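Engineer: A single structure is presented below for examination.
Chains as they are written, first to last, in my numbering: chain A, 205 to 529; chain B, 205 to 529.
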């Protein structure tokens with residue numbers, strides 16, 4: 205009986221690790237999630253992961269053939285297959301993650317960071333199908349970016365290209381907890397960034413606001429979005445400021461890269477018109493004439509799906525496509 | 205008798221247009237320059253250009269075979285072969301420059317802007333030989349940049365990638381004469397930019413300085429460099445400010461692109477340690493840890509040569525190499 209070709213996608217986060225068996229059309233043949241236990245070494249995570257995945261491979265609804273494993277992980281080095289000093293995982297200084305997984309499955313393994321995985325996911329399964337030049341910006345706790353140029357992910361010389369979250373908005377601006385750099389984009393544009401902006405506005409303005417009853421540690425970007433939707437002036441201004449900074453930086457991204465489209469991904473983006481419409485307006489304001497009214501800002505098509513796992517799996521579908529060229 | 209394969213490089217500037225016959229090692233088999241006459245249409249320039257170049261082709265020191273023509277021109281669209289609304293030339297709205305030249309020589313013609321030509325020139329003939337990922341920044345009247353990724357020039361979707369000179373330093377900052385945008389990098393870092401900084405400092409500081417005897421229209425970046433070399437405090441501070449802004453922006457470039465090296469080109473760079481050393485220092489300050497102490501800032505190797513023509517000719521050598529792959 206013919207076996208269905210599938211790839212295994214794994215997304216390693218600080219809290220949980222997700223996995224799924226995915227065919228070339230993005231259909232799942234099994235998926236799941238286990239806690240990461242960030243304080244344990246990578247080998248412990250992998251042992252539990254293999255234990256969870258192996259039965260899925262054997263008992264899939266139709267027989268499957270595993271073509272490769274794609275992994276999204278923090279500080280993943282695509283060229284070396286290593287994870288190097290991730291901030292949220294207490295792993296060794298350098299973990300040869302691709303080799304460790306390859307030993308178990310005996311198929312090609314590719315790893316990259318989650319924003320790159322999101323970008324290749326959009327190209328294979330999402331709104332970037334058929335595009336050769338685009339940028340995906342992921343807005344979560346931080347801000348990540350994945351850049352596709354001439355149909356391929358941009359890794360650069362070191363494999364660390366696309367660190368847009370750490371480009372500077374204001375050299376004398378907000379501290380970053382782990383990099384030691386100041387005023388970087390993700391300190392302003394991310395779930396954490398918009399909360400920091402809300403706290404500046406709670407100090408600056410005097411409007412009453414339900415956000416005045418929530419502590420810094422308790423406040424979420426969802427609460428800010430809900431307040432904005434109910435017309436709260438502090439929350440609305442925070443979205444406007446966030447969109448202005450993001451729009452200006454995206455104009456810069458366009459000047460560097462001349463993409464066909466920019467795709468936004470993440471919880472903040474689900475707030476739809478609160479962020480996409482004003483970001484587009486500000487981006488246009490800062491664009492050179494040759495770029496004006498040409499470059500759409502699109503919400504990700506994968507946000508309701510298991511996007512991180514789809515993206516990790518797409519990494520392999522992308523490599524297979526490259527080999528066919 | 206065997207003919208030597210050569211390419212014709214043409215660099216079209218607002219004032220003069222340079223040309224040269226160049227072999228695969230960067231040797232010239234004839235070169236020259238004619239005034240551009242910016243107020244006349246492109247066809248008039250080309251007629252005079254062909255008149256000047258045709259005898260060179262016939263009377264080269266050894267018989268030559270023309271393989272292709274590479275052109276560096278303002279607002280050149282690589283994909284379409286057109287020049288679109290250049291600020292300094294009173295040409296038609298869209299000039300089909302590549303077609304017009306191809307009709308005369310009956311060989312492949314490629315066009316691009318001068319910063320891209322400089323980048324490919326460094327790759328074929330200069331300090332970027334063997335590099336796959338690097339950025340060339342040209343500091344002239346304005347600031348241009350040419351980006352090489354995976355061994356190929358980055359054009360992006362529209363052919364207009366690499367417009368680093370128009371990324372924002374300060375959204376409320378200095379006006380740009382022709383784009384209508386504010387606070388762009390070339391308003392600070394370029395021959396004009398450093399002069400504008402000197403004029404701010406002449407207002408802000410009270411030190412005596414020979415630069416206080418020169419009008420805005422008379423002052424050149426060479427005068428500023430000479431004053432700095434003689435210890436003038438205004439000029440030294442202007443170089444320091446210029447290097448700080450450039451260094452910060454180059455850290456951003458690195459975060460986007462992860463290049464092996466950054467190459468600086470142009471008159472300001474000839475001032476050597478006045479610009480390269482402090483730019484490197486500031487760039488390191490703003491780099492993420494993964495990029496620190498890895499990425500050299502190199503002066504162009506072509507500055508004493510006919511670099512613009514070499515770059516334009518390298519465009520063809522680069523295309524021929526791509527075809528061989």
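Note that beta-carbon positions come from the ideal geometry of N, C-alpha and C, so glycine has one too. Since the model is a prediction, treat every value here as computed from it, not as a measurement.
1. Kindly indicate which three-state DSSP category residue 215 of chain B falls into: helix, strand or coil?
2. Could you check whether the Cβ of residue 361 of chain A sits closer than 8 Å to any Cβ belonging to chain B?
3. Within 10 Å of its beta-carbon, does residue 303 of chain A have 16 or more other beta-carbons around it, so buried, or fewer, so exposed?
4. For chain A, is any of its Cβ atoms less than 8 Å away from the one on residue 375 of chain B?
5. Nearest to residue 210 of chain A by CA position, among A:473, A:384 and A:514, is which residue?
6. Name the DSSP beta bridge partners of residue 338 of chain A, please?
7. Judging by CA-CA distance, which residue of A:262, A:345 and A:257 is the nearest neighbour of residue 292 of chain A?
8. Taking only beta-carbon positions, decide if residue 494 of chain B is within less than 8 Å of chain A.
9. For the stretch 372-441 of chain A, which segments carrying the alpha helix (DSSP H) assignment without a break, of at least 4 residues, lie completely within its bounds, in sequence order?
10. Counting C-beta neighbours from all protein chains within 10 Å, is the total for residue 219 of chain B 16 or more, i.e. buried, or is it exposed?
11. Between residue 351 of chain A and the rest of its own chain, which residues show a CB-CB distance below 6 Å, the 5 nearest in sequence each way excluded?
12. Against residue 353 of chain A, what residues of chain B qualify as contacts under a CB-to-CB distance less than 7 Å, listed in chain order?
13. Residues of chain A with CB closer than 8 Å to the CB of residue 251 of chain B, please, in chain order.
14. Strictly under 8 Å for the Cβ-Cβ distance: is residue 364 of chain A near chain B by that measure?
15. Please state if the CB of residue 516 of chain A and the CB of residue 348 of chain A are separated by a distance shorter than 8 Å.
16. Ordered along the chain, which non-local residues of its own chain (more than five positions away) have a Cβ less than 8 Å from that of residue 400 of chain A?
17. Can you say whether residue 254 of chain A is buried or exposed, counting buried as having 16 or more other CB atoms within 10 angstroms of its CB?
18. Please compile the residues from chain B whose C-beta is within a distance smaller than 7 Å of the C-beta of residue 337 of chain A.
19. For the structure I just gave you, are there three or more beta carbon pairs, one from the stretch 445-465 of chain B and one from the stretch 480-498 of chain B, closer than 8 Å?
20. Spatial neighbours of residue 370 of chain A within its chain, please: C-beta separation below 8 Å, excluding the five flanking residues on both sides.
21. Taking the alpha carbon of residue 510 of chain A as the point to measure from, which residue in A:521, A:414, A:317 and A:234 has its own alpha carbon closest?
22. Can you find the residues in the same chain that come closer than 6 Å, C-beta to C-beta, to residue 261 of chain A, ignoring five residues on each side of it along the sequence?
23. Which of the residues in the stretch 426-459 of chain B, read from start to end, lie with their CB under 8 Å from any CB of chain A?
24. To the nearest angstrom, how far is the alpha carbon of residue 284 of chain B from that of residue 266 of chain B?
25. Could you check how far apart the C-beta atoms of residue 336 of chain A and residue 355 of chain A are, in whole angstroms? I think they sit under 8 Å.
26. Write down every uninterrupted run of the alpha helix (DSSP H) in the stretch 231-265 of chain A whose length is 4 residues or greater and which is fully enclosed by it, in chain order.
Structural biologist: Reading off the structure:
1. The three-state secondary structure of residue 215 of chain B, taken from DSSP, is strand.
2. Contact of residue 361 of chain A with chain B is assigned, a C-beta pair being separated by under 8 Å.
3. Label assigned to residue 303 of chain A: exposed.
4. Residue-level contact by beta carbon holds for residue 375 of chain B and chain A, with a gap shorter than 8 Å.
5. Nearest option by C-alpha distance: A:514.
6. In the DSSP output, where bridge partners are listed per residue, residue 338 of chain A has A:352 and A:465.
7. Among A:262, A:345 and A:257, the Cα nearest to that of residue 292 of chain A belongs to A:345.
8. Residue-level contact by beta carbon holds for residue 494 of chain B and chain A, with a gap shorter than 8 Å.
9. Listed in chain order, they are 395-408 and 425-433.
10. With fewer than 16 other beta carbons inside 10 angstroms of its own, residue 219 of chain B counts as exposed.
11. Result list for residue 351 of chain A: 339, 358 and 366, in chain order.
12. Simply 353 and 358.
13. Against chain A, a Cβ distance below 8 Å from residue 251 of chain B picks out nothing, because the smallest value is about 28 Å.
14. Closer than 8 Å: yes.
15. Cβ atoms of residue 348 of chain A and residue 516 of chain A: not closer than 8 Å.
16. So the list reads 378, 391 and 392, once near-sequence residues are dropped.
17. So residue 254 of chain A ends up on the exposed side.
18. Per Cβ cutoff of 7 Å: 360 and 361.
19. Contact check between the stretch 445-465 of chain B and the stretch 480-498 of chain B: three or more CB pairs, one atom from each, fall below 8 Å, which counts as touching.
20. Excluding sequence neighbours, residue 370 of chain A sits near 380, 383, 385, 388, 389 and 390.
21. Residue A:234 holds the alpha-carbon nearest to the alpha-carbon of residue 510 of chain A among A:521, A:414, A:317 and A:234.
22. Only residues of its own chain outside the window of five on either side were considered, and among them none has a CB closer than 6 Å to the CB of residue 261 of chain A.
23. Within the stretch 426-459 of chain B, the residues whose Cβ lies closer than 8 Å to some Cβ of chain A are 452, 455, 456, 457 and 459, listed in chain order.
24. In a straight line, the C-alpha of residue 284 of chain B is about 34 Å away from that of residue 266 of chain B.
25. The beta-carbon distance between residue 336 of chain A and residue 355 of chain A, rounded to whole angstroms, is 5 Å. This is short enough to meet the 8 Å contact definition.
26. You should have 246-262.
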